[in-house]
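Note that numbering that gives the first Met the number 0 gives residue 192 to position 193 of the sequence shown, counting from 1, and the numbers run on in steps of one. In this text, a Cβ means the ideal position worked out from N, Cα and C, and glycines have one as well. Worksheet: the structure to be examined is printed underneath.
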Amino acid sequence: MSLIPLPPSLIPFLKDYLPQPLSSCPHRPFITLTYAQSLDSKIASKPGQQTKISHLETKTMTHYLRSKHDAILVGIGTVLADDPKLNCRYHDPGSDVISSPRPIIIDPHHKWKYSKSQLYKIHESNQGLSPFIIIDESISIDPVELEALDHHGGKFIPLPLFNKSKSESWESILSSLLQLNLKSIMIEGGAMIINDLLSLQHDKKFIDSLIITIGPVFLGSEGVTVHPHTNVELDNINWWSGIQDSILCANVSTK
Ligand SMILES: NC(=O)c1ccc[n+]([C@@H]2O[C@H](COP(=O)([O-])OP(=O)(O)OC[C@H]3O[C@@H](n4cnc5c(N)ncnc54)[C@H](O)[C@@H]3O)[C@@H](O)[C@H]2O)c1
Ligand SMILES: Nc1nc(=O)c(N)c(NC[C@H](O)[C@H](O)[C@H](O)COP(=O)(O)O)[nH]1
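Encoded structure:
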């Protein structure tokens, strides 16, 4: 899907929410949590069903945001449902540098076949980087997948994920990504990851910026819902409205 020119007013609107040079926390990268939802807080019409919510205008914003981060992270549920490209198709008119954020997939049980994915083809055609795939350290790696990933310059990152709390596993994931010099990560979902990170805010501050696209549609009761386990307060709130969608930018309060 080709993009359209970024609405100029989005650049100053997003500026204060973009990765800052010095992260608010020295042990993890700067984290932007961003996704698109319906008016009834759904991010897909049913489990495993990729659902178009964003207008091209805000889809272009997503790629602008990808151009400002070192990496894009999604869970295995998103990868199996959407087979996403996870590359950046926004080109800054003022620069001839093409941004290539690193795709990061959290796949603890090693379910994904990278060698059969759209992302594999994207790398083959020089349109994006190969992924870092986070698996549990107890899992043995499929040699075919290992060869495909090595060949493309990607890697498996075995971590202790099983029998760990969500807070512990996220600390381990984010500190290992910082050690790989990924200083800013755009987390795009899916629902489990969004709900977990929002719910953990009272315990551990993992989210620096929250950027939500809201589309004027109800996806109904079978939809995949964003509903953290606890209330989540926001501050530094700003709204932008475009041709069809609205965008909320905020910081997540740890109160
Ligand atoms: N509208 C949007 O912006 C948007 C964005 C992304 C995905 N989606 C939709 O969301 C759905 C997928 O969401 P989902 O909740 O099924 O899956 P998900 O992408 O959130 O992945 C969840 C899986 O990731 C792994 N995981 C996540 N965090 C982990 C942790 N801390 N430790 C260990 N393993 C961890 C687990 O295997 C878990 O089952 C799809 O329908 C997709 O289309 C929508
Ligand atoms: N911003 C946004 N608006 C949407 O309407 C929608 N369905 C997603 N979903 C996010 C999820 O991660 C998608 O699967 C990838 O964003 C696919 O896009 P790419 O192939 O990576 O360009 N994200």
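So residue i and residue j are supposed to be a Cβ contact under 8 Å. How far apart are they, rounded?
| i | j | result |
| --- | --- | --- |
| residue 118 | residue 154 | So it is not a contact: roughly 14 Å between Cβ atoms. |
| residue 72 | residue 105 | 7 Å |
| residue 214 | residue 52 | 4 Å |
| residue 193 | residue 34 | 6 Å |
| residue 202 | residue 166 | 6 Å |
| residue 175 | residue 158 | 6 Å |
Please return the same chain residues whose Cβ sits closer than 6 Å to the Cβ of residue i, not counting the five positions on each side in sequence.
| i | result |
| --- | --- |
| residue 234 | 250 and 252 |
| residue 109 | 134 and 138 |
List the DSSP bridge partners of residue i.
| i | result |
| --- | --- |
| residue 70 | 101 and 184 |
| residue 208 | 31 |
| residue 155 | 132 |
| residue 195 | The partner list for residue 195 (beta bridge, DSSP) is empty, contrary to what the question assumes. |
Where does residue i land, buried or exposed, given buried means 16+ other C-beta within 10 angstroms?
| i | result |
| --- | --- |
| residue 124 | exposed |
| residue 229 | exposed |
| residue 93 | exposed |
| residue 96 | exposed |
| residue 143 | exposed |
| residue 244 | buried |
| residue 200 | buried |
| residue 111 | buried |
| residue 41 | buried |
| residue 152 | exposed |
| residue 130 | buried |
| residue 18 | buried |
Closest to residue i by C-alpha separation, out of the options, would be which residue?
| i | options | result |
| --- | --- | --- |
| residue 161 | 217, 137 and 32 | 137 |
| residue 156 | 164, 177 and 59 | 177 |
| residue 188 | 91, 211, 219 and 112 | 211 |
| residue 170 | 27, 227, 140 and 182 | 27 |
| residue 81 | 45, 194, 198 and 131 | 45 |
| residue 90 | 112, 241 and 126 | 126 |
| residue 241 | 164, 6 and 40 | 6 |
| residue 173 | 110, 24 and 54 | 24 |
| residue 114 | 131, 103, 132 and 148 | 148 |
| residue 39 | 231, 226, 239 and 232 | 226 |
| residue 254 | 1, 204 and 150 | 204 |
| residue 57 | 121, 145, 15 and 8 | 8 |
| residue 77 | 59, 60, 3 and 47 | 47 |
To which residues of the same chain is residue i closer than 7 Å at the C-beta, ignoring the five residues directly before and after it?
| i | result |
| --- | --- |
| residue 87 | 62, 65, 66, 98, 99 and 100 |
| residue 181 | 28, 69, 70 and 101 |
| residue 32 | 186, 193, 196, 206 and 209 |
Report all residues from its chain with a CB closer than 8 Å to the CB of residue i; omit the five preceding and five following residues, and keep chain order.
| i | result |
| --- | --- |
| residue 37 | 52, 213, 214, 216, 217, 218 and 222 |
| residue 54 | 214, 241, 242, 243 and 244 |
| residue 232 | 251, 252 and 254 |
| residue 191 | 74 and 76 |
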